[in-house]
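Trainee:
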Amino acid sequence: ETGVTQTPRHLVMGMTNKKSLKCEQHLGHNAMYWYKQSAKKPLELMFVYNFKEQTENNSVPSRFSPECPNSSHLFLHLHTLQPEDSALYLCASSQEGTALQHFGDGTRLSIL
Amino acid sequence: DAKTTQPTSMDCAEGRAANLPCNHSTISGNEYVYWYRQIHSQGPQYIIHGLKNNETNEMASLIITEDRKSSTLILPHATLRDTAVYYCIVRVLSGSARQLTFGSGTQLTVLP
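Sequence lines, in order, name chains A and B.
Note that our numbering has the first sequence beginning at -12, numbered continuously upward.
Note that our numbering has the second sequence beginning at 144, numbered continuously upward.
(1) Across the segment 77 to 87 of chain A and the segment 7 to 19 of chain A, are there enough close Cβ pairs to call them in contact, namely three or more that are closer than 8 Å?
(2) Does chain A have any CB closer than 8 Å to the CB of residue 243 of chain B?
(3) Taking C-beta pairs closer than 9 Å, name the residues in chain B that residue 69 of chain A reaches, listed in chain order.
(4) Please state the DSSP three-state secondary structure of residue 223 of chain B.
(5) Nearer than 7 Å: is that true of the beta carbon of residue 169 of chain B relative to any heavy atom of the ligand ADP?
(6) Check each residue of the segment 186 to 206 of chain B: if its Cβ is closer than 9 Å to any Cβ of chain A, include it; give the result in chain order.
(7) Taking CB distances under 8 Å as the criterion, tell me whether residue 8 of chain A reaches chain B.
(8) Specify whether the segment 147 to 162 of chain B and the segment 30 to 39 of chain A touch according to this definition: at least 3 beta carbon pairs, one from each stretch, less than 8 Å apart.
(9) What three-state label does DSSP hand residue 70 of chain A in the structure shown?
(10) Relative to the C-alpha of residue 68 of chain A, which candidate in A:83, A:96, A:89 and A:-10 has its C-alpha closest?
(11) Under 8 Å between C-beta atoms, does residue 216 of chain B make it to chain A?
(12) Quick check: what's the CA-CA separation for residue 169 of chain B versus residue 146 of chain B?
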């Protein structure tokens, strides 16, 4: 139990579907992150939220749309994804400014 | 953040010490060395971090050379559950919320 919960754990969707990934942290942290991990590649940062404000967007395509309604919840809305978007999507949280990030176990996304 | 270099893979016999090296020759004076690991199908997990003194916690020990250009993570009595990818990351301790830059890491396989 890492204190960061991601749902669903697995998701299969077609390219025309719309779905959302959810992340919830119970650690009282104020920074949250989305990472993407493709097969055989290092983790890539997608978005950073600090006190609910997006502070970093690593040139992520607009078909990925993050939402952070409060410091405990983070969503990643998905629409018209491509097969190359199939990957493990990881959420993390930390106290603002520290490198001690706590990760969830990710959502394994498959695009048909 | 300074770049790190790690071996691609290592094997270790169960019950023996696992010594994982990391080179970070361009590390700056205010950068810390962090170690994370990622067990298959899970998110990365923080292990330990240090600046220049050796550090030990319940999971591992971190030995940093005097010139700080390299370090070694030591798992004193490796078990099969320690099989994972181990990441060495160098960055400042605090600042505005920002990502961890994960490289390819070292795949440690603990053999029975």
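Ideal Cβ placement from N, Cα and C applies to all residues, glycine included.
Mentor: In this structure, then:
(1) With the cut-off at 8 Å, the segment 77 to 87 of chain A and the segment 7 to 19 of chain A touch.
(2) Interface flag for residue 243 of chain B against chain A is set, since a Cβ pair is found closer than 8 Å.
(3) The contacting residues do not exist; residue 69 of chain A stays about 23 Å from chain B at best.
(4) DSSP places residue 223 of chain B in helix when its eight states are reduced to three.
(5) Looking at this structure, you won't find the ligand ADP or any other ligand, since it has none at all.
(6) From the segment 186 to 206 of chain B, only 186, 187, 188, 189 and 192 have a Cβ closer than 9 Å to chain A.
(7) With 8 Å as the cut-off, residue 8 of chain A does not count as an interface residue toward chain B.
(8) Counting C-beta pairs with one atom in each stretch, the segment 147 to 162 of chain B and the segment 30 to 39 of chain A have fewer than three that are closer than 8 Å, which means they do not touch.
(9) Under the three-state reduction of DSSP, residue 70 of chain A is assigned to helix.
(10) When only C-alpha atoms are compared, the closest one is A:96.
(11) Closer than 8 Å: no.
(12) Whole-angstrom Cα-Cα distance: 7 Å.
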